[in-house]
Amino acid sequence: MHTTVSRFLSATANAGADGGSGAAAPTAPGERSDQQALSLKDPVALYELAPEFVTGKTTPSAGNVTRLSYLASRANDASGHKATVLLSSTAKAGGGSGSWHLTAVRDGDSDITYGQQATGRSKVFTEPQIHAWYRLKNGIVEPLNREASSGLRGKRTVTLAAYQKLVHSRYADKMPGSAYDRKGLAGGFGPASKPSSPSSAPMQFGASGVVAAALAGGVIAVRLRNRRRSQDSAIMVNRT
């Protein structure tokens, strides 16, 4: 994992050198040290909307609104460049918690910044379809970014019950197995995260710079996408 994250930080640093207007040249093995100094912070739990809450199968309560999507750790290199390392869990056969595996690396650390705003009396979660972040406290939902404000239709706060109605209207007919899903249209909710095996290659990373890392060959190719998009609205990485 250290090598993969180091390569990502090196590649995105190269991509940012030209202002994001073009692709960085592939880095061949030996051109740059994969074992650069890297600081990996303690992980932060990131939560997202639970499908059962969206469909109305569960009541609007703090315990039902979200599901754990990732553990996220902030990575810093010697130059101060930041990235978010995302880990997903693979459940053991027969139930129980399994091991955690590297799922993705994102440029920047906005997701972690939001996740750290949770307290013992509040919960922070994302509505990934619109890149929105919210805080839930005492049954009240408040927006933490512009996308969340739009998601609440300009209101400063709404009750959790009112928020459930909003997301129900947006996504309830787009769940797996729905007519929307059968037509092959994009959007809605997918199943719970099922990360690929750590040995599978290549792994796909996403954010303002998309990095495809072929671990066996040691070659990193960078495609720049949406550089001007603010970090607080970084696109959620596609799950495998």
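Counting with UniProt numbering, you get residues 1 to 240 for the letters of the sequence shown. Each residue gets a CB set at the ideal place from its N, CA and C atoms; glycine is no exception. Bear in mind that the values here come from a model prediction, so they are computed numbers and not experimental data.
- Of the other Cβ atoms in all chains shown, 16 or more fall within 10 Å of the Cβ of T103; this residue is therefore buried.
- Straight across, the Cα-Cα distance linking Y171 with T59 is about 17 Å.
- Taking all protein chains shown into account, S69 has 16 or more neighbouring C-beta atoms within 10 Å of its C-beta and is therefore buried.
- For V167, the uninterrupted alpha helix (DSSP H) run begins and ends at L160 to Y171, by DSSP.
- For I112, the enclosing alpha helix (DSSP H) begins and ends at S110 to G115.
- Close CB contacts of L87 within its chain, under the 8 Å cut and outside five residues either way in sequence, are with P43, Y70, L71, A72, S73, W100, H101, L102 and T103 (chain order).
- K57 carries a coil assignment under DSSP once its states are collapsed to helix, strand and coil.
- In the three-state scheme derived from DSSP, where H, G and I count as helix and E and B as strand, K137 is classed as strand.
- When secondary structure is reduced to three states using DSSP, S99 falls in the strand class.
- In this structure, the straight-line span from the alpha carbon of F53 to that of R106 is close to 27 Å.
- Around E142, the same chain offers R135 and T157 as residues with beta carbons nearer than 6 Å, after the five sequence neighbours per side are excluded.
- Inclusion of W133 and A118 in the CB contact set at 7 Å is not warranted, their separation being larger than that value.
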